[in-house]
Amino acid sequence: MKWETVFKRLLIAMSVALVIIVAGILITLIVQSMPSIKSLGLGYLWGKVWDPVQNIYGAYPFLLGTLLTSFTALIISIPFSYAIAIYLGEYNTRGWLSDLLKNTVELIAAVPSVIYGFWGLFVLVPIVRSLEMKIGVAPYGVGVFTSSLVLAVMIIPYAASLGTSLIRMVPSPLKEGAYALGATRFEVIRSVILPYTRSGLFAGILLSVGRALGETMAVAMLIGNTTTLGNTFKEIFFGPGNTMASVIASQFTEADHTVYLSALIELGLVLFFVTVIINLIGKRIITKYTNN
Amino acid sequence: MEARIRIRNTKSVVFKWIIILLAFMITIPLIVILVYIIKQGVMQVNWHFLTNVPAPVGEPGGGISNALVGSIIIVAMSSMIAIPIGMLAGIYLSENPGTRLAHYSGLCVDILQGVPSIVVGIVVYFWVVKPLGTFSAISGSIALAMMMMPIVIRSTEQTVKLLPDTLKEAALSLGVPYHRVILKVIIPCGFSGILSGIMLSVARIVGETAPLLFTAFGNPYLSTSITKPMQSLPLLIFNYATSPYDDWHNLAWGASFMLLMLVLILNISTKLVTRKWNIQL
Amino acid sequence: MEHSVVSATKFNAWFGDNHAVKDVSIRIDKNQVIAVMGPSGCGKTTFLRCINRMHELIPGTRTEGSLKLYDDEIYTMNPIYVRYKIGMVFQRPNPFPNLSIYDNVIAGYKLNGLKMTKADMNAIVEKSLTSAALWNEVKDSLHKKGTFLSGGQQQRLCIARAIAMEPEVILFDEPTSALDPISTSSIETLFHELKANYTLIIVTHNMQQAARVSDKTAFFYLGELVEFDNTKQMFTAPKDVRTQNYITGRFS
């Protein structure tokens, strides 16, 4: 009898531990950002200058970098994710060819981020560099654009596998009703399947964005690591930059005074909130979907 | 009418081929990257490479033994932390679905799964590295364990939920105490599902770098002490790839090859195990 | 010999290796209600779905033999065109959930990208809903979504949707098996009115329904068409012993 109660209490304790861990993360982030929050206030978020030497910290360049890389990656990845989802969900749901595609997509997700970065550094960067010379921007090779390309490939699997499951769940009677009225396959996809899965596919996009926002290593290796902003859009987009995640990775161990470190952690706090909210919204939409 | 139908049919066929083209384009980056890494890396791998630590800059040769050993130790420790906690929490969630604790705990699992890996690293820095006063392998393992847990929890929860109630009832009706029912009946029956979740979580963290940047930190020497900094494969790759030295680049290629092979093997094995259980993660 | 609307000659269909429809030959005349009956797995639904080429949507299926709509081979025509001419109503009502009643009726036209004037569309909607005996009940809520309708009303909406395309033949796959008795009887009344303009082929499990609504009945067993005759004749003096057994309830 005694062991039973111990075990049951253990189960409860482990679940409580989870809550404690998450609460702990939040508390640590807030406490450690305090010095920066206190001395810099809210202006920190739109400050454009990040100069640790002079103790000036503005997060704007990194917010911009994060937004640019994530959304560019998203836009590039969407056609491919959707195509994979439609192919695997509707055109070819089983057989060796669809297994091949499914496994390829899963392997893309399995390759470690640091390997994407390494490869990108040695293969993609020279290519982008010559491209940049052709279009007349400074040929850094590294930068927002390059990171977005690699990031796009890395996030395709998320929306693709979610989309595939959703499209497979469209009830047959609905599709058959449309076929029986003389619709072509394209028309059935366009007017029955896509409207039916609309909000689920949107959740897939949210989850892709959440993933892109938190991606650190490949971006850190490919984004060029500067803290200043260019002047024109072309400069910013094709030039080096930084995201919230990558600047933390590259400067954390160099941060020698309190406010510096705290400013970096404040970035982590913002990143935490944004990714958590996006992920939770995405998951909520999906559970509503699968329970329907 | 006939002409209209022909146009619509053509549209449908064109659309199908556009979809196929876009969908299969994803194979291009995979093949390109795999081929490149294998090409650059396989030449580096030999016995010397696997059994020596990196040589100082300028000296040829050297290897990645410190990273290999380090990865194994760190991942093993993470698993020892994450697997028990994860399985127990997963069992609680599947056995007590309506409770408030299950609701909040489940929410926290979802949150934890979404936390960026670099943030986990920051937090563990303050929890373990600062109090201990040094970077350490154990702090790295703790960080990685936090990333493993959501996957282990969800797969355990789903596996147990899929088992028929009659199984538990049969055991209980024989007078078996609850903890034995779980440990001796439920878990063994759901073994392959739980195992595949574990393997998936290991495959996920074996390639993680960000959480280790300020916890395990890396070490140019072979170390087995868990309270000292330790090297791991992804950390070595990151540090050496971004260095300006060709020798170190070569080491990084070799290490990338090893890491890639490891990840591929883990993923393929997981698939073989998952075949029985269709776990949605 | 009257000109048959649908005629099959030694028609066969397979699901992979499963020979579901065997050498079926039948001539169906215009403006009649044909009931198709038989025990589960006898091939009746498969045969029905071959007529409007829905069977081939399932992978691994194939067909052989002649199946004609008037003088044209159905399997050499464009399947989209076939489905214009031959409509279908399914067992479970399946109105499009995201469309209003109005849009559901006109869905066949909209889905196929046909452009029409508002006046034309209104006319089609009203005519179809009237023919389906649903107009009076929904004429004031045409722009609401169809999901608030009862099962019987939803099924009549699906019938209206099929009629809107002005097909030659309407196929019904156990159309009332998911409905309550009152809805069932209102749809059976509808069959009687519809046959003036269309030819109806109805697969049904319900012998009493077949006896009530059909002019002729086809009896399928194990993939073969065993007997095809006037309903009255079939039910009072069937010619084949298998038909006899089915009707008297030996197997169903």
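Residue numbers (the numbering used here), protein chains in the order written: chain A, 1 to 292; chain B, 1001 to 1281; chain C, 2001 to 2252.
Every residue, glycine too, gets a C-beta built ideally from N, C-alpha and C.
No experiment lies behind these values; they were computed from the predicted model shown.
Rounded Cβ spacing between residue i and residue j (contact assumed at less than 8 angstroms)
i: methionine 221 of chain A; j: threonine 1242 of chain B; result: 6 angstroms
i: lysine 102 of chain A; j: leucine 88 of chain A; result: 6 angstroms
i: isoleucine 1085 of chain B; j: alanine 1137 of chain B; result: Not quite, the Cβ-Cβ distance comes to about 19 angstroms (not below 8 angstroms), so this is no contact.
i: methionine 1147 of chain B; j: valine 1120 of chain B; result: 6 angstroms
i: leucine 1112 of chain B; j: proline 1054 of chain B; result: The Cβ separation is near 34 angstroms, so there is no contact.
i: asparagine 1052 of chain B; j: glycine 1063 of chain B; result: 4 angstroms
i: alanine 2107 of chain C; j: leucine 2114 of chain C; result: The pair is not a contact, with the Cβ atoms about 11 angstroms apart (cut-off 8 angstroms).
i: threonine 2009 of chain C; j: serine 2025 of chain C; result: 5 angstroms
i: isoleucine 1182 of chain B; j: isoleucine 1083 of chain B; result: About 15 angstroms; that fails the 8 angstroms criterion.
Cut-off 6 angstroms between Cβ atoms - residues of its own chain near residue i, not counting five sequence neighbours on either side
i: methionine 2116 of chain C; result: none
i: tyrosine 158 of chain A; result: Leu207, Ser208 and Arg211
i: threonine 72 of chain A; result: Ser148
i: methionine 2088 of chain C; result: Asn2052 and Leu2171
i: leucine 1213 of chain B; result: Gly1121
i: methionine 1077 of chain B; result: Ser1141
i: serine 1079 of chain B; result: none
i: isoleucine 2074 of chain C; result: Leu2067 and Val2082
i: tyrosine 196 of chain A; result: Val170
Alpha-carbon to alpha-carbon, residue j and residue i
i: asparagine 2206 of chain C; j: glutamine 2244 of chain C; result: 15 angstroms
i: glycine 2043 of chain C; j: proline 2079 of chain C; result: 21 angstroms
i: leucine 1281 of chain B; j: serine 1155 of chain B; result: Reliability fails at leucine 1281 of chain B, whose pLDDT of 44 lies under 50, so the model's placement of it is uncertain and the value that follows must be treated cautiously. Rounded to whole angstroms, leucine 1281 of chain B to serine 1155 of chain B spans 7 angstroms at the Cα level.
i: asparagine 2136 of chain C; j: serine 2128 of chain C; result: 12 angstroms
i: glutamate 2064 of chain C; j: glycine 2038 of chain C; result: 22 angstroms
i: valine 1206 of chain B; j: aspartate 2103 of chain C; result: 54 angstroms
i: serine 199 of chain A; j: glycine 177 of chain A; result: 22 angstroms
i: valine 339 of chain A; j: arginine 2092 of chain C; result: For chain A, the structure presents residues 1 to 292; residue 339 of chain A sits outside this window and is missing.
i: arginine 1275 of chain B; j: isoleucine 1028 of chain B; result: 27 angstroms
i: valine 137 of chain A; j: phenylalanine 238 of chain A; result: 7 angstroms
i: serine 2040 of chain C; j: tyrosine 2221 of chain C; result: 9 angstroms
i: isoleucine 108 of chain A; j: alanine 1171 of chain B; result: 43 angstroms
i: leucine 1030 of chain B; j: methionine 217 of chain A; result: 18 angstroms
i: asparagine 291 of chain A; j: tyrosine 1245 of chain B; result: 55 angstroms
i: valine 1273 of chain B; j: leucine 1088 of chain B; result: 21 angstroms
i: glycine 241 of chain A; j: leucine 124 of chain A; result: 17 angstroms
Contact with chain E by residue i, beta-carbon distance below 8 angstroms
i: tyrosine 2081 of chain C; result: Note that chain E does not occur in the displayed structure, where the protein chains are A, B and C.
Contacts that residue i makes with chain C (C-beta to C-beta distance below 9 angstroms)
i: isoleucine 1005 of chain B; result: Asn2078, Ile2080, Tyr2081, Tyr2084 and Asn2112
Contact set between residue i and chain C, taken where Cβ atoms lie within less than 8 angstroms
i: tyrosine 179 of chain A; result: Met2054, Leu2057 and Arg2083
i: proline 195 of chain A; result: Asn2098
Residues near residue i by beta carbon distance below 7 angstroms, same chain, minus five either side
i: threonine 66 of chain A; result: Leu213, Thr243 and Met244
i: tyrosine 1240 of chain B; result: Trp1248, His1249, Leu1251 and Ala1252
i: methionine 2001 of chain C; result: At methionine 2001 of chain C the pLDDT is 46, less than 50, meaning the model places this residue with poor confidence; the figure from the coordinates comes in the next sentence. Closer than 7 angstroms at the Cβ level, and outside the excluded window around methionine 2001 of chain C, lies no residue.
i: glutamate 1208 of chain B; result: Ser1117, Leu1144, Met1147 and Pro1234
Chain-ordered chain A contacts of residue i [CB-CB under 8 angstroms]
i: aspartate 1110 of chain B; result: Asn279, Leu280 and Lys283
i: phenylalanine 2090 of chain C; result: Pro173, Glu176, Gly177 and Ala180
i: methionine 2165 of chain C; result: Leu181 and Gly182
Where residue i meets chain A, residues with beta-carbon distance less than 7 angstroms
i: alanine 1009 of chain B; result: According to the sequence displayed, residue 1009 of chain B carries asparagine and not alanine. Going along chain A in sequence order, the residues near asparagine 1009 of chain B (Cβ under 7 angstroms) are Thr184.
i: alanine 2107 of chain C; result: Leu181
i: histidine 1103 of chain B; result: Those do not exist, as histidine 1103 of chain B stays about 10 angstroms from chain A at its closest Cβ, beyond 7 angstroms.
i: leucine 1088 of chain B; result: Leu10, Leu11 and Met14
Interface partners of residue i on chain B, CB under 7 angstroms
i: alanine 83 of chain A; result: Ile1019, Leu1022 and Ala1023
i: serine 39 of chain A; result: Simply none; closest approach about 19 angstroms.
i: serine 70 of chain A; result: Within chain B, no residue comes near serine 70 of chain A; the closest Cβ sits about 12 angstroms away, beyond 7 angstroms.
Own chain residues within Cβ distance below 8 angstroms of residue i, not counting five before or after
i: tyrosine 60 of chain A; result: Leu45, Trp46, Gly47, Lys48 and Leu229
i: valine 2105 of chain C; result: Ile2124, Val2125, Ser2128, Leu2129, Leu2157, Ala2160, Arg2161 and Ala2164
i: threonine 2231 of chain C; result: Ala2035, Ala2210, Ala2211, Ser2214, Asp2215, Lys2216 and Thr2217
i: phenylalanine 1015 of chain B; result: none
i: threonine 2248 of chain C; result: none
Contacts of residue i in chain C (Cβ-Cβ under 7 angstroms)
i: serine 191 of chain A; result: Leu2111
Under 8 angstroms by beta carbon: chain B residues contacting residue i
i: phenylalanine 272 of chain A; result: Val1115, Pro1116 and Val1119
Amino acids of chain B, ordered along the chain, whose beta-carbon sits closer than 9 angstroms to that of residue i
i: glutamate 4 of chain A; result: Pro1177, Tyr1178, His1179 and Arg1180
Pairs of beta-carbons, one from the segment 182-194 of chain A and one from the segment 133-144 of chain A, closer than 8 angstroms: are there three or more? no
Do the segment 1157-1175 of chain B and the segment 1186-1204 of chain B touch if we need at least three Cβ pairs shorter than 8 angstroms? yes
Cβ contact (3+ pairs, closer than 8 angstroms) linking the segment 1253-1271 of chain B and the segment 107-114 of chain A: yes
Answer yes if the segment 1037-1046 of chain B comes into contact with the segment 1188-1200 of chain B, meaning at least three C-beta pairs across the two stretches below 8 angstroms, and no otherwise. no
Specify whether the segment 1123-1137 of chain B and the segment 1215-1235 of chain B touch according to this definition: at least 3 beta carbon pairs, one from each stretch, less than 8 angstroms apart. yes
May I ask you to verify whether the segment 2176-2191 of chain C touches the segment 2118-2125 of chain C, counting CB pairs closer than 8 angstroms and requiring at least 3? no
Could you tell me whether the segment 1100-1116 of chain B touches the segment 278-292 of chain A, where touching means 3 or more Cβ pairs closer than 8 angstroms? yes
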